[in-house]
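Residue numbers (the UniProt record's numbering): 1 to 283. These notes are about the structure you will find just below.
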Amino acid sequence: MSDLAAEGAWPRERVDADYTARACVDAATFERIIGAYAELSRAARALPGSRCDLVYDETSGERLDLFGTAPGEARPVFVFIHGGYWRALSKEHSAFMAPMLAGRGIATAVPDYTLAPKASLTEIVRQMRAALAYLWHNAADLGIDRDRIVVGGSSAGGHLAGALMMTGWQAAFGLPAQPLKAGLPISGLFELAPIAASYVQEWMSLTAEEVERLSPLRHPAGAPRSVVAVAATETAGFHRQTRAYAQAIGAPELTVPGRNHFDIVLDLRDADTALARALLGLF
């Protein structure tokens, strides 16, 4: 059992303190940042080549938005998965990096997923794998290069990026063993045992089998080239998760100074930031 898995036996109060993401900001700051996600993502919809509400999964009816493609080109694509502890936010909060990437010839795809508690984590992961399969199988029609797909996500989205980086599931979706070129999980959750012991369990209802099967830290083999990022002012649990996963997959850990759990991803808008440079370097 890893040190992180052992956190599942810690007192509830300690686990909650280490995994309460909002503890690093006050309420006004949180609302301001979430508002910026939405406002900046709305602006991305004006990009040439934007296509919104593409149904990627007939079973759930879930959709994704695609930005920054160009006629006659097969562009690399960044797939960004939103956070919100699997129960909040949406693709409408997730496209703020698309203008920066489009200016460098890179498309951006942002998928929705059914939120908990309506959907289990097993179902949410299935949907994200279906989204990747949709992009890969339809790459020619979508104007993207299926050999240059980089996945990223923040918080719960960092976990879901890690779930896509795992191997062993791809054949069921008609994919090669590792369809991803690279990964950029940000402030992610890679060992789920402490999450199942925290307040998050109230809406996630994680089973022991899900903790084993869906913890990326327990399945590091075959992960693509990656950078694993975290904000300097995160609570302690997110730092431990980042460090352990980076070590497990042999990836560099990027700690972003002066940023918190929520505003770190806004650095992806600016090509001169360390986080954006890390992303661009993965293509």
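Glycine is no exception: its CB is placed at the ideal position from the N, C-alpha and C atoms.
If you reduce the DSSP assignment to three classes, tell me which class residue i lands in.
{"i": "Ala106", "result": "According to the sequence as given, residue 106 is Ile; it is not Ala. If DSSP states are grouped into helix, strand and coil, Ile106 belongs with coil."}
{"i": "Asp53", "result": "strand"}
{"i": "Asp270", "result": "coil"}
{"i": "Pro48", "result": "coil"}
{"i": "Ala231", "result": "strand"}
{"i": "Asp3", "result": "helix"}
{"i": "Phe190", "result": "coil"}
{"i": "Phe238", "result": "helix"}
{"i": "Asp141", "result": "helix"}
{"i": "residue 285", "result": "Residue coverage of the chain in this structure runs from 1 to 283, which leaves residue 285 outside it and unanswerable."}
{"i": "Lys118", "result": "coil"}
{"i": "Arg87", "result": "coil"}
{"i": "Thr29", "result": "helix"}
{"i": "Leu160", "result": "helix"}
{"i": "Ala246", "result": "helix"}
{"i": "Ala60", "result": "It is worth fixing the name first, because residue 60 is Ser in this sequence and not Ala. Coil."}
{"i": "Met128", "result": "helix"}
{"i": "Tyr37", "result": "helix"}
{"i": "Tyr134", "result": "helix"}
{"i": "Gly281", "result": "helix"}
{"i": "Pro220", "result": "coil"}
{"i": "Ala113", "result": "Sequence check: residue 113 is Tyr here, not Ala. Looking at Tyr113 - three-state DSSP - the assignment turns out to be coil, as it is neither helix nor strand."}
Assuming residue i and residue j are in contact, meaning their beta carbons sit under 8 Å apart, how far apart are those beta carbons, in whole angstroms?
{"i": "Pro185", "j": "Val228", "result": "6 Å"}
{"i": "Thr235", "j": "Cys24", "result": "6 Å"}
{"i": "Tyr245", "j": "Gly188", "result": "7 Å"}
{"i": "Gly152", "j": "Phe78", "result": "6 Å"}
{"i": "Leu275", "j": "Leu268", "result": "6 Å"}
{"i": "Leu54", "j": "Arg42", "result": "About 18 Å; that fails the 8 Å criterion."}
{"i": "Ala109", "j": "Leu89", "result": "Not really, about 16 Å apart at Cβ, beyond 8 Å."}
{"i": "Leu47", "j": "Ala102", "result": "5 Å"}
{"i": "Phe80", "j": "Ser60", "result": "In fact, because the Cβ distance is near 19 Å, the residues do not count as touching under 8 Å."}
Whole angstroms is fine: what's the gap from residue i's alpha carbon to residue j's?
{"i": "Ala98", "j": "Ala116", "result": "27 Å"}
{"i": "Leu121", "j": "Glu191", "result": "13 Å"}
{"i": "Trp10", "j": "Ala197", "result": "8 Å"}
{"i": "Thr255", "j": "Val230", "result": "5 Å"}
{"i": "residue 284", "j": "Glu212", "result": "The shown model of the chain, from 1 to 283, leaves out residue 284, and the question about it has no answer."}
{"i": "Pro277", "j": "Leu175", "result": "Note on residue identity: the sequence assigns Arg, not Pro, to residue 277. One C-alpha to the other measures close to 29 Å."}
{"i": "Arg225", "j": "Arg146", "result": "16 Å"}
{"i": "Ala271", "j": "Leu279", "result": "9 Å"}
{"i": "Arg45", "j": "Glu13", "result": "42 Å"}
{"i": "Met128", "j": "Phe262", "result": "22 Å"}
{"i": "Ala172", "j": "Ile149", "result": "19 Å"}
{"i": "Leu66", "j": "Lys181", "result": "18 Å"}
Which one or two residues does DSSP pair with residue i in a beta bridge?
{"i": "Pro185", "result": "Gly153"}
{"i": "Val256", "result": "Ala231"}
{"i": "Ile200", "result": "The sequence given here has Val at residue 200, not Ile. Beta-bridge pairing links Val200 to no other residue."}
{"i": "Phe67", "result": "Thr108"}
{"i": "Ser226", "result": "Gly183"}
{"i": "Val77", "result": "Ala107 and Ile149"}
Next item on the list: Please confirm if the stretch 214 to 221 is in contact with the stretch 158 to 176, defined as three or more CB-CB distances below 8 Å between the two stretches.
Entry: yes
Next item on the list: Say whether the stretch 12 to 32 touches the stretch 203 to 214, bearing in mind that this needs 3 or more beta-carbon pairs closer than 8 Å, one atom from each stretch.
Entry: no
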